[in-house]
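Each remark here refers to the structure printed beneath this line.
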Amino acid sequence: DSGVTQTPKHLITATGQRVTLRCSPRSGDLSVYWYQQSLDQGLQFLIQYYNGEERAKGNILERFSAQQFPDLHSELNLSSLELGDSALYFCASSPAGSRGTQYFGPGTRLLVL
Amino acid sequence: GENVEQHPSTLSVQEGDSAVIKCTYSDSASNYFPWYKQELGKGPQLIIDIRSNVGEKKDQRIAVTLNKTAKHFSLHITETQPEDSAVYFCAASLIRNQFYFGTGTSLTVIP
Chain A
2 DSGVTQTPKH LITATGQRVT LRCSPRSGDL SVYWYQQSLD QGLQFLIQYY NGEERAKGNI
62 LERFSAQQFP DLHSELNLSS LELGDSALYF CASSPAGSRG TQYFGPGTRL LVL
Chain B
3 GENVEQHPST LSVQEGDSAV IKCTYSDSAS NYFPWYKQEL GKGPQLIIDI RSNVGEKKDQ
63 RIAVTLNKTA KHFSLHITET QPEDSAVYFC AASLIRNQFY FGTGTSLTVI P
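As they're listed, the protein sequences go chains A and B. Oh and the first sequence: position 28 is 29 in the numbering used here, straight run, nothing missing. Oh and the second sequence: position 59 is 61 in the numbering used here, straight run, nothing missing.
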């Protein structure tokens, strides 16, 4: 158990809908990263937050957005969902002053029908 | 940006044999190279990592080597056991920045 929690574990929704994925980082970790894992794309970095501020952006679509709250939990919002958005979404966290280590949560499996 | 290539994509070994997975990276500025193990239905779990000021690191049956000049690094698992069966991912990054992952190696250890 990495100490990173994600909810929900599974999500089934329809095209055009909007969903919110939630992540609670390990206690004391200030950085949160979101990744998308699909069969044909592997693990792709989406976005990073550090202590509430956006730190880096990767291959995140404009239909997706994220934020990190004062209690350091983070939410990833996916809107106007398409079939191709079906994937595993992982959150990872790392501590302040980290030498790089990221700890991954168990993921949220999203299925868009 | 960084590009990480990983080989092989699948690997089958007999229990007790060694397994080697290789990765290359493109950005010479990358300085942190973790390896993750992902079991079915679970998130990636860090198993070992190496920083660019070190050439080799070992932790029990697992070792990682790094060749900065050639820009490649490898994961070595000795005395493989069935519980080592999983998908293994390498990654490269600048410390505290995003990870660039390889495409994964599905390792099967045959009892």
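Glycine included, every Cβ here is placed at the ideal spot set by N, Cα and C. Small disclaimer: the values here were computed from a predicted structure and weren't measured.
Expected contact under 8 Å - CB spacing of B:Arg23 and B:Tyr102 to nearest Å: With the sequence shown as reference, residue 23 of chain B is identified as Ile, and Arg is not the correct amino acid for it. B:Ile23 to B:Tyr102, Cβ: 16 Å. No contact.
When A:Glu63, A:Gln38, A:Gln45, A:His74 are compared against A:Gly53, the one with the closest alpha-carbon: A:His74
Within 9 Å of chain C by C-beta, residues of the region 78-111 of chain B in sequence order: Absent here is chain C; the protein component of the structure consists of chains A and B.
Helix, strand or coil at B:Pro84 according to DSSP, with G and I counted as helix: helix
Nearest chain B C-beta to A:Phe65 closer than 8 Å, yes or no? no
Quick check: A:Val5 and A:Ser32, are their CB atoms within less than 8 Å of each other? no
Straight-line gap, B:Ser87 to B:Ser11 (C-alpha atoms, nearest Å): 13 Å
Can you tell me the Cβ-Cβ gap for B:Gln100 and A:Phe46, rounded? I've got them flagged as a contact below 8 Å. 4 Å
Pick from B:Gly106, B:Arg63, B:Thr71, B:His9 that is closest to B:Val56, judged by C-alpha positions: B:Thr71
At a CB-CB cut-off below 8 Å, which residues of chain A make contact with B:Leu13? Within 8 Å Cβ-Cβ: nothing; B:Leu13 doesn't reach chain A, min ~17 Å.
Straight-line gap, B:Asp19 to A:Pro71 (C-alpha atoms, nearest Å): 49 Å
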